[in-house]
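Note that the numbering used here numbers the sequence shown so that position 74 is 310, with each residue one more than the last. Even glycine gets a Cβ: it sits at the ideal position worked out from N, Cα and C. Here the structure is laid out as structure tokens; the discussion comes afterwards.
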Amino acid sequence: MDVRNEVQAEYIAVKALENGVTIIGLTRGKDTRFHHTEKLDRGEVMIAQFTEDTSAIKIRGHAVIYTKHGIIDTIVE
Ligand code: TRP
């Protein structure tokens, strides 16, 4: 993926609704590993992209996730 495509890659926004929400980047390719972990406190927002290195993103804790597919609240109903 070249730089132009990376900039245009899909992104998500995550808003933490509690302290200690964790965003984990999972590697693209045959191997699926954690390559980055980021902690957010309540009210913090992170905007993250899917890139050449990241094909999946895992989120732990209470958060709202905004994607082109819709808005997801991690609370189990
Ligand atoms: N390394 C895997 C890949 O690039 C990561 C992944 C993406 C994955 N989607 C998945 C792993 C679904 C399990 C299930 O495809």
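Task: Cβ-Cβ separation, residue 289 to residue 300 (assumed contact under 8 angstroms), whole Å - done: In fact, because the Cβ distance is near 25 angstroms, the residues do not count as touching under 8 angstroms.
Task: Cβ-based burial, residue 295 [other Cβ within 10 Å; buried from 16] - done: So residue 295 counts as buried.
- [ ] Mind listing which residues have their beta carbon within less than 7 angstroms of any non-hydrogen atom of the ligand TRP? Chain order is fine.
- [x] Cβ-based neighbours of the ligand TRP within the cut-off: 262, 263, 264, 265, 266, 267, 268, 291 and 292.
TODO: Below 6 angstroms CB to CB, which residues in the same chain sit around residue 246 once its five sequence neighbours on both sides are set aside?
DONE: Here the set comprises 286.
Open item on the list: For the beta strand (DSSP E) containing residue 258, name the first residue and the last one.
Closed with: Going by DSSP, residue 258 is part of the beta strand (DSSP E) stretching over 257-263.
TODO: Could you tell me if residue 259 is buried or exposed, where buried requires 16 or more neighbouring beta carbons within 10 angstroms of its beta carbon?
DONE: Classification of residue 259: buried, given that the 10 Å Cβ count is 16 or more.
TODO: Identify every run of the beta strand (DSSP E) within the segment 257-312, keeping only runs that are complete inside it and at least 3 residues long; order them along the chain.
DONE: Taking 3 residues as the minimum length, the beta strand (DSSP E) runs contained wholly in the segment 257-312 are 257-263, 270-276, 281-285, 290-296, 299-303 and 306-309, in order along the chain.
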